[in-house]
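What follows is one structure encoded as structure tokens, with my remarks underneath.
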Amino acid sequence: MSLNKQNHVHPNILGASVGVLIALPIASLLAYFFGNDYESRTTIYIVTLCWSIIGAICIFIFLKNTSKKLTLKALLIWIISVWLWPLLILSNLKKK
10 MSLNKQNHVH PNILGASVGV LIALPIASLL AYFFGNDYES RTTIYIVTLC
60 WSIIGAICIF IFLKNTSKKL TLKALLIWII SVWLWPLLIL SNLKKK
């Protein structure tokens, strides 16, 4: 007896994960260029990472009922959305 399971990752989880993974080197570069000492670099790095993680969570919750295929275009939109998430949420609130 076998169970018919689909072993696939939800596209939104994959998009959020890739968006945060892309944010890691961006956060380190921002910290490197704008931080003068160790404390300022770590602060910039942590704030930037928190921003992108919160963005990924917000966009994931916002799109939790959609299950479109993850294409290259959708992946690029996820990467951009991780950074610009307040604008997306505000535009959606204005529509309602």
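Counting in our numbering, the sequence shown runs without a single skipped number right up to 105 at its last residue.
All C-beta atoms in this analysis are idealised placements derived from N, C-alpha and C, irrespective of residue type, glycine included.
All figures in this text were calculated on a predicted structure; none of them were measured in a lab.
Can you give the Cα-Cα distance for residue i and residue j, rounded to whole angstroms?
i       : j      : result
Trp-87  : Lys-78 : 13 angstroms
Gly-55  : Leu-38 : The question names Gly, but residue 55 is Ile in the sequence shown. If you take the alpha carbons of Ile-55 and Leu-38, they lie about 12 angstroms apart.
Leu-81  : Ala-36 : 23 angstroms
Gly-64  : Leu-84 : 15 angstroms
His-19  : Val-29 : 16 angstroms
Lys-105 : Pro-95 : 16 angstroms
Would you grab the beta carbon distance between residue i and residue j for me? Rounded to a whole angstrom, and I think it's under 8 angstroms.
i      : j      : result
Ala-25 : Ile-68 : 7 angstroms
Phe-71 : Ile-98 : 7 angstroms
Identify whether residue i lies in helix, strand or coil by the three-state DSSP scheme.
i       : result
Gly-44  : coil
Ser-37  : helix
Asn-74  : coil
Cys-67  : helix
Lys-104 : helix
According to the neighbour-count rule (16 or more other Cβ atoms, all chains shown, within 10 Å of its Cβ), is residue i buried or exposed?
i      : result
Ser-61 : buried
Ser-90 : buried
Thr-57 : buried
Asn-21 : buried
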